[in-house]
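K.L.:
In this note's numbering, the protein residues as written are 295 to 374.
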């Protein structure tokens, strides 16, 4: 099982790579039922971690493209 501490130390890329491994293992159908359940739980935690990282990145980008006073800059308008 992946601990919350392990997740916090993972970059988006590390978590995504591990999630891809889990998907591959589950798709192979070779894992026993208990192992499948365990890695599925890990996969769910990794997915949530990746979503959290993506949302944080989206918010950073949004701050960058917004002008002073919350006005959308020309670059932000093109981005949307």
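Just so you know, even glycine gets a beta-carbon here, dropped at the ideal spot from N, CA and C.
Between 347, 354, 325, 340, which lies nearest to residue 300 when the distance is taken from Cα to Cα?
P.N.:
Among 347, 354, 325, 340, the Cα nearest to that of residue 300 belongs to 340.
K.L.:
On the CB-based measure, 16 or more other CB atoms within 10 Å of its CB, does residue 303 come out buried or exposed?
P.N.:
Looking at its Cβ environment, which holds fewer than 16 other Cβ atoms inside 10 Å, residue 303 is exposed.
K.L.:
Do you know offhand how far residue 353's Cα is from residue 343's?
P.N.:
Cα to Cα, residue 353 sits roughly 16 Å from residue 343.
K.L.:
For residue 309, is the classification buried or exposed, using 16 other Cβ atoms within 10 angstroms of its Cβ as the cut-off for buried?
P.N.:
That one is buried.
K.L.:
What separation, rounded to the nearest whole angstrom, lies between the Cα atoms of residue 312 and residue 359?
P.N.:
Cα to Cα, the separation comes out at about 32 Å.
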